[in-house]
Amino acid sequence: MKFINLLKKELTELINAQMILGLVVSLALFWLMGNVMQSVTSELAEDAKNTNVYICDMDDSDVTHELIKDMESNGAKVNKVTVNGEDYASGFKDNSFKSYVVLPKGFADQLTSGEKPEIISVSKLKSASTFSGLTGGTDTTEALINKYVSIEISKQKGVSEEDLKHIESELTVVNQTVVADKSAKISSGVVLGKITSTNMILPIIIMVLILMTSQSLIASISNEKIDKTLETLLSAPVSRGSVITAKMLAAAIVALINAGVMMFGFSAYSKGMTGAITSDLGVSDKVGKVLSAGDAMKQLGLNLGVTDYLIVGVQLFITIMICLAISIILGALVNDSKSAQTMLLPIMMMVMIPWFVTMFTDVNSLPTVPKLIVYAIPFTHTFTAIPNLMFGNTTELWIGLVYQIIVFAVVMFFALKLFKSDKILTMSLNFGQKSRFKKNGKTIED
Amino acid sequence: MANVLEVKELSKQYSKVLAADKVSFEIGEGEIFALIGPNGAGKTTTIRMISTLLQPTSGDAVVAGHSILKAPEKVRESITYLPDEAGAYKQMTGIKYLRFMAGLFTSDIDTLNGYVDRAKNICGLGDRLNDKIGSYSRGMIRKLLLARAVMTKPKLAILDEPTSGLDVLNALEIRKTIKKLAAEEGMSFLLSSHNMLEIEFVSDRVGIIAKGHLMVTGRTDELKERYNAPNLEEVFERVVKENEIH
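Line order of the protein sequences matches chains S and W. If you read the first sequence in the working numbering, its first letter stands for residue 1, the second for the next number, and so on. If you read the second sequence in the working numbering, its first letter stands for residue 447, the second for the next number, and so on.
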């Protein structure tokens, strides 16, 4: 009985409203992540079932017509793509497909002379998320063409051992990657790898910065509240505005120093990664001149200029300011050291959700409700800033920036209002506890 | 004797609870006035309103000629406030804390140095002022904070439970400092305490507050005589009972 009594007391201490809130938030996070993964996997599944094949027949010969018929007889639904000269981007008139194969001029001649002909695989890259490279490739089309070509060559030459080896040798594929209206002779996988490797650290920097900045400001305000040094400060001949501005500025300066140090480390890391990626292009050496990943990025307009970095800098600054304004409110809610730790949870959630989502997929590909939730989180727009700049989604970028400025203005307004009112001293978050007024019928303070 | 503080029907309503109900009293120059009452009586709420930390629901208080409603910034120039069980910045040394706090009251470096020297003399912490506050005992912190509160020679020093949690010797030292500053420098003090015997020793006049009402004010001797009580605790008991009857 005594033990039950003890156990009951321990359970009551552990199972509190804070814990339940944490569980609810975790569930919400898993639900959101589930939706993200579902949309990605359903896209992959649809892609696997897809019998559509997109072909640009530049050779326009009897052989290529025969090839297309053969593909159709194999169950493929062939869609013709028209391209203006070598402007491969012009092939993507609508967004219904992500890649196509070009049968170049001389395809038939090469085949009739007994050689394996060259084909061109064109892929459109729309975002830098991990899963965007997994769907809509030209593997099926390439396999169908290879099959036809192999049979044709074997017919011409008879199936000797040497011929068979030759026939079964891999098809020479020249990859073309298109970003917006630009194309470059490189595989989309290499470009994606380059983007991922160079941009992997930046979201981590954003996340660490936000968490460190929030933690320091929440701790600063909560310590002052708990130690009652805030009361001493607020009763001194200084305005409340200057007390809070000094706190925010100090936190912002520390955040900027941290950002500077981390960006320096990031640039060193980025240089190291560039060398590694360029030396491993993954494209056959047989195919004449191949672009380096760096040159390809430049040609595709994926390299960011000074203006782009300035915009990213401005967005990072606004992000830090939003995070500081939210932290003031959260810090004001603290009434003991335990609740000070809990207060970081909302900020953590607001960072982790967009970080995970943007890492795995394109936010736009999410179902409507999760998409709106993710976009409503102001920090999402900081995570999507660089991909938006790279892929020319300027409208999204500016909408995100304007939204962040509005969020900052609103949160800052409430933070200042709170700091200038009695609430900075009297407000606290008592999960599941009745107000001390109601409980005692007396006062909060003496 | 000119009044340094005039409190006029000051009230504070928190949600459904009236924490202070039309509290009125005044403090003269060089006077030590103590608000006494049990925990939850409304002492801190009244003090916080006078210190411009809380907005009164109604009423006003005038500190050195400045209204807490109309000129709170002027009020803050005339007062210093020492909260109950207040701490200080643990990472700072005692001397840095004094310089930091003095810097909030003046931009003139000579005046600032004057404030700090005065605080050094009053707190009597000597070389320990060069140590981090985190290493101080509770008594040392209280002495440092009291020195901080009086170093600028404010017109009114507001001290909430100035000796709470201190041992007898430290408490006695703080009481002596308060009495000395009032007697020799004419500094006015508003104290609050639930320790009525201590207040009997240190204050010139007291105000007995309970459930947000200031029930009676007067000199300790007068009150003891009026209520025929040997000490303030019994005065308090009789005042509360009398008010319950009425």
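All residues carry an ideal CB built from backbone N, CA and C; glycine is no exception.
Count the other CB atoms within 10 Å of the CB of residue i; is the residue buried (16 or more) or exposed (fewer)?
i	result
residue 38/S	exposed
residue 369/S	exposed
residue 100/S	buried
residue 606/W	buried
residue 404/S	buried
residue 231/S	buried
residue 175/S	buried
residue 588/W	buried
residue 279/S	With a pLDDT of 43 at residue 279/S, under the threshold of 50, the modelled position of this residue cannot be trusted, and the question is left open.
residue 331/S	buried
residue 65/S	exposed
residue 203/S	buried
Who are the Cβ neighbours of residue i in its own chain at under 6 Å, not counting the five residues just before and after it?
i	result
residue 139/S	none
residue 643/W	none
residue 61/S	108
residue 97/S	54
residue 180/S	392
residue 590/W	540 and 569
residue 669/W	681
residue 662/W	654 and 685
residue 121/S	101, 138, 173 and 175
Please report the distance separating the alpha-carbon of residue i from that of residue j.
i	j	result
residue 495/W	residue 465/W	11 Å
residue 218/S	residue 336/S	12 Å
residue 191/S	residue 356/S	21 Å
residue 79/S	residue 110/S	24 Å
residue 311/S	residue 449/W	60 Å
residue 314/S	residue 199/S	18 Å
residue 650/W	residue 629/W	11 Å
residue 333/S	residue 418/S	10 Å
residue 626/W	residue 341/S	44 Å
residue 255/S	residue 327/S	14 Å
residue 213/S	residue 244/S	15 Å
residue 323/S	residue 410/S	12 Å
residue 201/S	residue 358/S	13 Å
residue 664/W	residue 593/W	28 Å
residue 422/S	residue 343/S	20 Å
residue 533/W	residue 579/W	9 Å
residue 233/S	residue 194/S	51 Å
residue 493/W	residue 220/S	25 Å
residue 388/S	residue 24/S	32 Å
residue 299/S	residue 49/S	34 Å
residue 604/W	residue 530/W	10 Å
Go through its chain and collect everything with a Cβ distance to residue i's Cβ below 7 Å, but skip five positions before and after it.
i	result
residue 454/W	470, 505, 506 and 507
residue 435/S	Caution is warranted here: a pLDDT of 43 is assigned to residue 435/S, below 50, making its placement in the model unreliable, and no coordinate value can be reported.
residue 684/W	673 and 675
residue 309/S	none
residue 92/S	124 and 178
Once you ignore the five residues that flank residue i on each side, which residues in its own chain have a CB closer than 8 Å to its CB?
i	result
residue 632/W	475 and 476
residue 647/W	621
residue 428/S	333, 334, 335 and 339
residue 455/S	Residue 455/S is absent from the structure shown; chain S starts at 1 and stops at 446.
residue 68/S	55, 57 and 78
residue 577/W	539 and 540
In chain A, which residues lie less than 9 Å from residue i when you measure between Cβ atoms?
i	result
residue 182/S	The chain labelled as chain A is not found among the protein chains of the depicted structure, namely S and W.
Residues from the region 586-619 of chain W in contact with chain S, defined by Cβ distance under 9 Å: 591, 594, 595, 604, 606 and 607
Against chain W: residues of the region 402-433 of chain S by CB proximity under 8 Å: 421, 422, 425 and 426
Contact residues within the region 490-510 of chain W, judged by C-beta distance below 8 Å to chain S: 490, 491, 494, 497, 498, 499, 500 and 501
Chain S contacts from the region 514-533 of chain W (Cβ-Cβ distance under 8 Å): 519, 522, 523, 525, 526, 527, 528, 529, 530, 531, 532 and 533
Contact the region 559-572 of chain W vs the region 511-525 of chain W: 3+ CB pairs below 8 Å: no
Members of the region 547-566 of chain W near chain S, C-beta cut-off 8 Å: 547, 550 and 551
Residues within the region 219-238 of chain S neighbouring chain W, beta-carbon criterion of under 7 Å: 227, 228, 229, 231, 232, 234, 235, 236, 237 and 238
Contact the region 222-242 of chain S vs the region 373-386 of chain S: 3+ CB pairs below 8 Å: no
The region 566-583 of chain W: positions lying closer than 9 Å to chain S by Cβ: none
At least 3 beta-carbon pairs within less than 8 Å: the region 589-603 of chain W vs the region 535-553 of chain W: yes
Cβ contact (3+ pairs, closer than 8 Å) linking the region 654-662 of chain W and the region 487-501 of chain W: yes
Under 7 Å (Cβ pairs) to chain S, residues found in the region 533-544 of chain W: 533, 534 and 535
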